[in-house]
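Engineer: Sharing a structure, written as structure tokens. Questions coming.
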Amino acid sequence: MVGDWKKAEMEERGELEKEREPMIQKSPAVVIRTNTHLESRFCSTKVKEWARRNLLLILTVVGVLMGVFIGFMARMTEYSEETVMLVSFPGDILMRMLKMLILPLIVSSLISGLCGLDAKSSGKMGSRALIYYFVTTMLAGITGIVVVLLIHPGNPEVKKMKKQENNERVKVLDAFLDIVRNMFPDNLIKATFEGVRTSYVRKENATSDEDFTRHIVHINGINVIGLIVFCVAFGLVAGQMRSSGQVLIEFFVVLNDCIMKMVELIMWYSPFGIMSLIAGKLMEIENLAETAEMLGLYMVTVIVGLLFHACITLPGIYFFVTRKNPGVFFKGMLQAWITALGTASSSATLPITFRCLEENNGVDKRVSRFVVPVGATVNMDGTALYEAVGAIFIAQMNGITLSAGQIVTVSFTATLASVGAASIPSAALVTMIMVLSALGLPINDVSLIFAVDWFLDRLRTSINVLGDAYGAGIVYHLSKDELAKMDQERAAEEQMELEQFGLSPPPPGPSGPAIDRGRRLSRVSLQLAKTHLKVSSPSPTQTYPDPRGNGMSLFLSVNNPNLNSETQI
Numbered sequence: 001m002v003g004d005w006k007k008a009e010m011e012e013r014g015e016l017e018k019e020r021e022p023m024i025q026k027s028p029a030v031v032i033r034t035n036t037h038l039e040s041r042f043c044s045t046k047v048k049e050w051a052r053r054n055l056l057l058i059l060t061v062v063g064v065l066m067g068v069f070i071g072f073m074a075r076m077t078e079y080s081e082e083t084v085m086l087v088s089f090p091g092d093i094l095m096r097m098l099k100m101l102i103l104p105l106i107v108s109s110l111i112s113g114l115c116g117l118d119a120k121s122s123g124k125m126g127s128r129a130l131i132y133y134f135v136t137t138m139l140a141g142i143t144g145i146v147v148v149l150l151i152h153p154g155n156p157e158v159k160k161m162k163k164q165e166n167n168e169r170v171k172v173l174d175a176f177l178d179i180v181r182n183m184f185p186d187n188l189i190k191a192t193f194e195g196v197r198t199s200y201v202r203k204e205n206a207t208s209d210e211d212f213t214r215h216i217v218h219i220n221g222i223n224v225i226g227l228i229v230f231c232v233a234f235g236l237v238a239g240q241m242r243s244s245g246q247v248l249i250e251f252f253v254v255l256n257d258c259i260m261k262m263v264e265l266i267m268w269y270s271p272f273g274i275m276s277l278i279a280g281k282l283m284e285i286e287n288l289a290e291t292a293e294m295l296g297l298y299m300v301t302v303i304v305g306l307l308f309h310a311c312i313t314l315p316g317i318y319f320f321v322t323r324k325n326p327g328v329f330f331k332g333m334l335q336a337w338i339t340a341l342g343t344a345s346s347s348a349t350l351p352i353t354f355r356c357l358e359e360n361n362g363v364d365k366r367v368s369r370f371v372v373p374v375g376a377t378v379n380m381d382g383t384a385l386y387e388a389v390g391a392i393f394i395a396q397m398n399g400i401t402l403s404a405g406q407i408v409t410v411s412f413t414a415t416l417a418s419v420g421a422a423s424i425p426s427a428a429l430v431t432m433i434m435v436l437s438a439l440g441l442p443i444n445d446v447s448l449i450f451a452v453d454w455f456l457d458r459l460r461t462s463i464n465v466l467g468d469a470y471g472a473g474i475v476y477h478l479s480k481d482e483l484a485k486m487d488q489e490r491a492a493e494e495q496m497e498l499e500q501f502g503l504s505p506p507p508p509g510p511s512g513p514a515i516d517r518g519r520r521l522s523r524v525s526l527q528l529a530k531t532h533l534k535v536s537s538p539s540p541t542q543t544y545p546d547p548r549g550n551g552m553s554l555f556l557s558v559n560n561p562n563l564n565s566e567t568q569i
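What follows is the structure, given as structure tokens:
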């Protein structure tokens, strides 16, 4: 006799439809119990499957919550600076591991992504991305201005808080010229660890605040903008070389795959590292309650603006262009968003952003690996909003009423400041000073809002990452037809070359691990065939080392009536 579970399973497959009525008439209680058991078992299986697929995301969320809990609990006890250092140490290791991968990831992802594009397609994609970046950054700045004018968080009482002297001098023109200088580094090796910046040094025995001299100084940190410009040009040129540049292209493709494998390993450590970062930062703040009381309304203003931009502006633009559900897209980016909250670094979150876009949201690698690195450098929606709110907050705090022209200046200056932020260390300090200088506001007051910058920095970074992701999704949607046409043309060209040598054509269809391996093997076969024909006196058979680097050899047999040989591998 078949058991209840077996009956239910067979019934689900439609094998007991004929017996259903008699069974219900004879034993309805058994059927009800069977269906209940089946539904319970099905729900349990579904929950387990969801938890298995999203285990890393669950662990990351738990890490964030545990970090907040540990940080606040630790504040109730007495602890030393060494304790804070030890609590933060695992998080510092996570940041070091992620930053270690930034340079090879940017280089390999840009080159491997652009080598599959022609100049026309990459130009269109770049134009779409830049238009999106400019529009969203301007909207973020305008949102910040509207929110801060409505809430009016500026209070002269805040100025009674302890201030730090600040002698930084930044001009808008210098900031713009620094961006252009960094785009074209004079030494590519130096660009991997330092950039340039305009600095003002007070003259000796100076008596006036205007007695400064301008100097171009080198600053520590990767010159991301310069590397992006070089890699874009390099990738496009390598892609135009076709088969002669295939070995070089394969190197960067494999390098990128290797880096992404390393990212997967690091991500399983990230929940613990993020917990450590948040707990350590909470323990590091001296007067948390006093800071929250004095700057609470300012924090609320920034948070409201960021939430509006993240929940209304960005999803609205995405839906308007793609006609797709932005909620589903955000769900796919949740891991990157939470990681950005923990690390407070768009560049450190770059590997996870790639992974979420390509695996969860199905964005083509050629789009994500071109658009996202550029966006992580120049698309700073959260930063633009933060700069606009901060500048007007300081004006309100000093009792200064800004004119309409000055408010427009805030919008444009905040946009420009956010673009240059990635290439400047202590970006929040320097870019905020740039906006204040453009308005003629006291720059020393900027130190007041840095007491809460550690928290707001994480929020605006997460919005920056989200803006980059939505941008990649929009550019991919607009570029689908061009990418498909390009794939067809390239496949037809490769097939003609392969058929000329009697080789099997590459497998058709979209990108994927198996498909990509098949295409690479076809290209390797073509390269070997061409190499064989270049030999002055080719023998009927020849053995070549495998260019894929696995230590094996490939056997080439030549017997083709057209070329007097037929090539096989």
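Residue numbers 1 to 569, in UniProt numbering, belong to the letters of the sequence shown in order. We treat Cβ as the ideally placed atom computed from N, Cα and C, and that holds for glycine. Note that the coordinates shown come from a computational prediction; the quantities given were computed from them, not determined experimentally.
#1: State the DSSP-derived secondary structure class of Asn220, mapped to helix, strand or coil.
#2: To the nearest angstrom, how far is it from the Cα of Gly123 to the Cα of Glu286?
#3: Measuring only the C-alpha atoms, how far is Met330 from Leu466?
#4: Which one or two residues does DSSP pair with Tyr200 in a beta bridge?
#5: Whole angstroms is fine: what's the gap from Leu416's alpha carbon to Gly305's?
#6: Using the rule of at least 16 other Cβ atoms within 10 Å of the residue's Cβ for burial, across every protein chain shown, is Val62 buried or exposed?
#7: Taking the alpha helix (DSSP H) that residue 571 falls in, what are its first and last residues?
#8: Could you tell me whether the Cβ of Ala484 comes closer than 7 Å to any Cβ of chain B?
#9: Should Ile216 go down as buried or exposed, given a rule of 16 or more other Cβ atoms within 10 Å for buried?
#10: Could you pull out every unbroken alpha helix (DSSP H) segment of at least 4 residues lying fully inside the stretch 342-381, listed in chain order?
#11: Give the DSSP-derived three-state secondary structure of Glu82 in the structure shown.
#12: Given Pro185, which residues of its chain have a CB within under 7 Å of its CB, disregarding the five upstream and five downstream residues?
#13: Measure the alpha-carbon distance for Pro513 versus Pro373 and round it to whole angstroms.
#14: Within the chosen definition, does the stretch 463-480 reach the stretch 306-317 through at least 3 CB pairs nearer than 8 Å?
#15: Run through DSSP, which three-state label would Glu194 get?
#16: Considering just the uninterrupted stretch of the alpha helix (DSSP H) at Ser122, what are its terminal residues?
#17: Which of the three DSSP states, helix, strand or coil, is assigned to Gly280?
#18: Helix, strand or coil for Asp186? Go by DSSP, reduced to three states.
#19: By Cβ distance, which residues of its chain are closer than 7 Å to Ile278, with the 5 residues on each side in sequence left out?
#20: Going by C-alpha distance, which of Arg458, Phe252 and Ser243 is nearest Glu493?
#21: In three-state terms, what does DSSP make of Pro442?
#22: Using the three-state DSSP reduction, which class does Val535 fall into: helix, strand or coil?
#23: Output the distance between the C-alpha atoms of Thr136 and Glu78, rounded to the nearest integer angstrom.
#24: Measuring straight from C-alpha to C-alpha, what distance separates Asn220 and Ser112?
#25: Using CA coordinates, which residue listed in Thr401, Leu448, Ala469 and Leu350 is at the minimum distance from Leu103?
#26: Below 6 Å CB to CB, which residues in the same chain sit around Leu173 once its five sequence neighbours on both sides are set aside?
#27: Counting Cβ pairs closer than 8 Å, one from the stretch 281-297 and one from the stretch 374-382, do we hit at least three?
#28: Would Tyr132 be called buried (16 or more neighbouring beta carbons within 10 Å of its own) or exposed?
#29: Helix, strand or coil for Ser426? Go by DSSP, reduced to three states.
#30: For Leu478 and Arg128, which I take to be in contact (beta-carbon distance under 8 Å), what is that distance rounded to the nearest angstrom?
#31: Once DSSP output is grouped into helix, strand and coil, what is the label at Glu290?
#32: By DSSP, does Arg75 sit in helix, in strand, or in coil?
#33: Going by alpha carbons, who is nearest to Val378 out of Ile179, Leu459 and Leu110?
#34: Measure the CB-CB distance between Ala388 and Ala414 and report whether it falls below 7 Å.
#35: Output yes or no for whether 7 Å exceeds the beta carbon distance between Thr409 and Ala438.
#36: Less than 8 Å between the CB atoms is what I'm expecting for Met283 and Arg75, so what's the real figure, rounded?
Structural biologist: Looking at the atomic coordinates:
#1: For the purposes of this step, residue 220 is identified with residue 220 of the sequence shown, where counting begins at 1. DSSP places Asn220 in strand when its eight states are reduced to three.
#2: The count along the sequence shown starts at 1 and reaches residue 123 at position 123. The count along the sequence shown starts at 1 and reaches residue 286 at position 286. So the alpha carbons of these two residues sit roughly 50 Å apart.
#3: Here the question's residue 330 lines up with position 330 in the sequence shown. Here the question's residue 466 lines up with position 466 in the sequence shown. With the sequence shown as reference, residue 330 is identified as Phe, and Met is not the correct amino acid for it. Each residue's alpha carbon lies about 8 Å from the other.
#4: As a first step, residue 200 must be located in the sequence shown, where it is residue number 200. Arg214.
#5: Residue numbering aside, residue 416 sits at position 416 when the sequence shown is read from its first letter. Residue numbering aside, residue 305 sits at position 305 when the sequence shown is read from its first letter. Taking the straight line from one Cα to the other gives about 19 Å.
#6: Position 62 of the sequence shown, counted from the start, is the residue given in the question as residue 62. Exposed.
#7: Residue 571 is absent from the model: the chain starts at 1 and stops at 569.
#8: The displayed structure is made up of one protein chain only, and chain B is not part of it.
#9: Taking the first residue of the sequence shown as 1, we reach residue 216 at position 216. Exposed.
#10: 350-355 and 365-378
#11: One-based indexing of the sequence shown puts residue 82 at position 82. In the structure shown, Glu82 sits in a helix (DSSP, three-state: H, G or I).
#12: Mapped onto the sequence shown, residue 185 falls at position 185. If the five residues before and after Pro185 are omitted, its C-beta is found closer than 7 Å to the C-beta atoms of Ala191, Asn223 and Gly226, all from its own chain and listed in chain order.
#13: Taking the first residue of the sequence shown as 1, we reach residue 513 at position 513. Taking the first residue of the sequence shown as 1, we reach residue 373 at position 373. For Pro513, the pLDDT reaches just 49, beneath the cut-off of 50, and the residue's location in the model is therefore unreliable, although a value from the coordinates is still provided. Between Pro513 and Pro373, the C-alpha separation is close to 23 Å.
#14: yes
#15: Here residue 194 refers to the residue found at position 194 when the sequence shown is read from its first residue. In this structure, Glu194 counts as strand in the three-state DSSP scheme.
#16: For the purposes of this step, residue 122 is taken as the residue at position 122 of the sequence shown. Here the alpha helix (DSSP H) through Ser122 covers Ala119 to Ile151.
#17: For the purposes of this step, residue 280 is taken as the residue at position 280 of the sequence shown. Here Gly280 sits in helix by DSSP.
#18: As a first step, residue 186 is located in the sequence shown; it is residue number 186 there, counting from the start. Here Asp186 sits in coil by DSSP.
#19: For this step, residue 278 is matched to residue 278 along the sequence shown. Excluding positions up to five away in sequence, the list reads Val64, Gly67, Val68, Gly71 and Gly342.
#20: Position 493 of the sequence shown, counted from the first residue, corresponds to residue 493. Of the listed residues, the one whose Cα sits closest to Glu493 is Ser243.
#21: Looking up residue 442 in the sequence shown gives position 442. Residue state, collapsed to three classes: coil.
#22: As a first step, residue 535 is located in the sequence shown; it is residue number 535 there, counting from the start. Per-residue confidence for Val535 stands at a pLDDT of 47, beneath the threshold of 50, marking its modelled position as unreliable; the derived number appears in the next sentence. The answer is coil: DSSP assigns Val535 none of H, G, I, E or B.
#23: For the purposes of this step, residue 136 is identified with residue 136 of the sequence shown, where counting begins at 1. For the purposes of this step, residue 78 is identified with residue 78 of the sequence shown, where counting begins at 1. Roughly 45 Å separates the two Cα atoms.
#24: The residue labelled residue 220 in the question sits at position 220 within the sequence shown. The residue labelled residue 112 in the question sits at position 112 within the sequence shown. Those two C-alpha atoms are separated by around 27 Å.
#25: The sequence position of residue 103 within the sequence shown is 103, counting from 1. Minimum Cα distance to Leu103 is reached at Leu350.
#26: The count along the sequence shown starts at 1 and reaches residue 173 at position 173. There are no such residues.
#27: no
#28: Locating residue 132 in the sequence shown gives position 132, counting from the first residue. The residue is buried, with at least 16 neighbouring Cβ atoms inside 10 Å.
#29: Here residue 426 corresponds to residue number 426 of the sequence shown, with the count starting at 1. Annotation note: pLDDT 49 at Ser426 (below 50); position unreliable, no value reported.
#30: Here residue 478 refers to the residue found at position 478 of the sequence shown. Here residue 128 refers to the residue found at position 128 of the sequence shown. Right, the Cβ-Cβ distance comes to about 6 Å (below 8 Å), so this counts as a contact.
#31: Looking up residue 290 in the sequence shown gives position 290. Helix, per DSSP.
#32: Your numbering for residue 75 matches position 75 in the sequence shown. Residue state, collapsed to three classes: coil.
#33: Residue mapping note: residue 378 aligns to position 378 of the sequence shown, counting from 1. Among Ile179, Leu459 and Leu110, the Cα nearest to that of Val378 is on Ile179.
#34: As a first step, residue 388 is located in the sequence shown; it is residue number 388 there, counting from the start. As a first step, residue 414 is located in the sequence shown; it is residue number 414 there, counting from the start. It is a contact, given that the beta carbons lie within the stated cut-off.
#35: What you label residue 409 is simply residue 409 of the sequence shown in a count that begins at 1. What you label residue 438 is simply residue 438 of the sequence shown in a count that begins at 1. The answer is yes: Cβ separation under 7 Å.
#36: Residue mapping note: residue 283 aligns to position 283 of the sequence shown, counting from 1. Residue mapping note: residue 75 aligns to position 75 of the sequence shown, counting from 1. Cβ-Cβ separation between Met283 and Arg75: approximately 7 Å, consistent with a contact (criterion under 8 Å).
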